[in-house]
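In the UniProt record's numbering, the protein residues as written are 1 to 503.
Beta carbons are placed, not taken as given, at the ideal position from N, Cα and C, and that holds for glycine.
Please read these numbers as outputs of a predicted model, since none were measured by experiment.
Read the structure below first, then the notes.
Next comes the structure, spelled out in structure tokens:
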């Protein structure tokens, strides 16, 4: 975060000042969140006041960090809200998706190629990425709710009511998009979840779920996020300390240094790449965990109770660090990294795309991230990685399920393979430019690209629609078997009753 001067002493450059602004604003948001939860609690004030305060504080933080660039947040929100209000329901969600993503891409292009490429300019497009997620999620929820469309079982819980009164007011819409808890770093969330938080109904349905029982009665006291906030802030401190102390020692750029490539054995190059990427990730751990703690401090993020009765505050958590670092498959890594974005991609693209949803989802992710060529190289590589990992898992894994020892060997091998594959895939994302990225791939002789191609060709996997059809047939046959068993039991019971009556 701190740029280093030639003497080795830390000095703040323009980007450093932006970083200081970000950290100061997030710490301010954390303190404000405690105040918001205690003094503007739903039991003490109306949803209208909570919406107004959350929105005004959000705009204040945006102006402090980005100046008048923050007006883009209003323009993007205003354009899409107009579409929601006046466009036909049949195409409203598609138009919102095109306009929101198009406006985001326009801002990203002008910021990168018109102002400065890789140099100082206020990166106001970061918050716009989250706002784009919220806009498109809401538009699809409204469309699905009004037209009674259900993509999946989990999607049912996100669908808005078809009643016109549930169409967000302008204040509710701006509060959802630009509230102070998530204006700078997100994460995105469901509109229904946000409204339940504002109105104070977030805890009601979950009291009956479980495990909040005491003396035969369910808990009616509001769960406290204190322990989770403390834990997450400790995670932030550790992550920031690791990033600031280690990232300078293992820069990714060294992987493409000619002297390093010529003098270092390949196995040590692989090890160095893993360590450099391991040192890069704590930056994201810090940002996302701090954002999660801010939302929890405001009272947002309650997700029911654990089996031991302790409250869960992971409704909008964006990562699971241990599952990331010990992932044994490419999918497991992606499912636990930037979780809310992964869910957004799944709901707006993967579950709706009729042709090659995997490729479409990765391409959408590349467009959403920005216009640097390195992003597209990363996500195009990610397509081949996902297909190869799927083929390998479906064809090889069954041979290792015979014993605990075999499964342990499989887990160790797949962990090492997953970490190498992730590092290889993400290098262009860090380097950004085409030249350095291709130079890195050449230094590895495109070996993992070639390996993925071989695996996909040699170990084919059934198409997704066939796999889904077979799973449905298996479920239907299972249900049919249960029905037959139930009928046979009913017939037996009837016969017994008749014999009893005759007796």
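Sequence-distant Cβ neighbours of residue 348 in its own chain, meaning closer than 6 Å and more than five residues away, are 136 and 140. Between residue 189 and residue 73, the gap from beta carbon to beta carbon reaches 8 Å or more. Rounded to the nearest whole angstrom, the CA to CA distance from residue 168 to residue 195 is 10 Å. Excluding five sequence positions before and after residue 104, the CB atoms of its chain that fall closer than 6 Å to its own CB belong to 128 and 132, given in chain order. Judged by their CB atoms, residue 51 and residue 171 are nearer to each other than the 8 Å cut-off. By DSSP's assignment, residue 337 forms a beta bridge with 319.
Judged by their CB atoms, residue 288 and residue 318 are nearer to each other than the 8 Å cut-off.
Out of 262, 93, 173 and 176, the CA that lies nearest to the CA of residue 143 is found in 93. If you check the CB distance, residue 385 and residue 447 do not come in under 8 Å. Among the bridge pairs identified by DSSP, residue 311 is matched with 305. Take the alpha-carbon of residue 62 and the one of residue 393: they are about 45 Å apart. The DSSP assignment places 71 to 86 and 89 to 109 as complete runs of the alpha helix (DSSP H) inside the segment 67 to 119, in order along the chain (cut-off: 4 residues). Here residue 124 really is in contact with residue 66; their C-beta atoms are around 4 Å apart, less than 8 Å.
In this structure, the alpha-carbon of residue 176 lies about 7 Å from that of residue 191. Residue 455 counts as buried, since no fewer than 16 other beta carbons sit within 10 angstroms of its beta carbon.
Less than 8 Å separates the beta-carbon of residue 198 from that of residue 47.
When the beta-carbon positions are compared, residue 229 and residue 296 come within less than 8 Å of each other. By the 16-neighbour rule on beta-carbons within 10 angstroms, residue 258 is exposed. No residue range can be given for residue 181, since it is assigned to no alpha helix (DSSP H) and is classified by DSSP as neither H nor E. In this structure, 341 is the residue among 341, 269, 267 and 266 with its C-alpha nearest to the C-alpha of residue 134. A residue is called buried when at least 16 other Cβ atoms come within 10 angstroms of its Cβ; residue 309 does not meet this threshold and is exposed.
Taking a cut-off of 8 Å for Cβ pairs, the segment 322 to 340 and the segment 374 to 391 touch, as three or more such pairs fall below it.
DSSP places residue 43 outside both helix and strand once states are collapsed to three, so it counts as coil.
In this structure, the straight-line span from the alpha carbon of residue 242 to that of residue 83 is close to 45 Å.
In the three-state DSSP reduction, residue 167 falls in the coil class, being neither helix nor strand. Per DSSP, residue 461 lies in no alpha helix (DSSP H) and is assigned neither H nor E. According to the DSSP assignment, residue 255 belongs to no alpha helix (DSSP H), since it is labelled neither H nor E. Just measuring C-alpha positions, the residue of 58, 113, 138 and 39 sitting nearest residue 85 is 138. Judged by DSSP secondary structure, residue 287 falls within the alpha helix (DSSP H) whose first and last residues are 266 to 297. Secondary structure at residue 346: helix, using DSSP grouped into helix, strand and coil. Of the residues assessed, residue 262 falls on the exposed side of the cut-off, its CB having fewer than 16 other CB atoms within 10 angstroms.
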